[in-house]
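One structure is given here, and the rest of the page talks about it.
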């Protein structure tokens, strides 16, 4: 698993389905606070991994463009520019990555919007 954000966890472990197989991190994941006493450091110890994040900085599930609903990132999300330079070319909505210095972790890349202000000459 890489460049993924998992939050609102209710299970107390991170097994793959009903098997004993565990996840392997390829880096740049954010794992929210997990219910119970679980040590995720053995699975999520690759470069850029963050575990036990209490506030991943996600807006509620909404239509943020694209074919599916997504959780947009808040301005103070630890996922912003935390995904390194190598990631998928587009996010879940089809928006180009990265928009800034590095890719955002998770399904949504925060878009930059140009703001044009009028020129005032005094």
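In the numbering used here, the protein residues as written are 1 to 122.
By construction, the Cβ of each residue, glycine as well, lies at the ideal position given by its N, Cα and C atoms.
| query | result |
| --- | --- |
| Bridge partners for residue 73 per DSSP, in chain order? | 58 |
| Taking the beta carbon of residue 31 as the centre, do at least 16 other beta carbons fall within 10 Å, making it buried, or is it exposed? | buried |
| Locate the beta strand (DSSP E) running through residue 32, then write down its first and last residues. | 30 to 32 |
| Can you give the Cα-Cα distance for residue 62 and residue 29, rounded to whole angstroms? | 22 Å |
| Determine the direct distance from the alpha carbon of residue 51 to that of residue 104, and round the result to whole angstroms. | 16 Å |
| Measuring straight from C-alpha to C-alpha, what distance separates residue 33 and residue 115? | 36 Å |
| If you measure between the beta carbons of residue 79 and residue 102, is that distance less than 8 Å? | no |
| Residue 65 by DSSP, collapsed to three states: which one? | coil |
| Which partner residues of residue 53 appear in the DSSP bridge assignment? | 32 |
| Identify every residue that forms a DSSP beta bridge with residue 5. | 30 |
| Is the separation between the beta-carbon of residue 73 and that of residue 58 shorter than 8 Å? | yes |
| Between the C-alpha atoms of residue 26 and residue 118, what's the straight-line distance to the nearest angstrom? | 46 Å |
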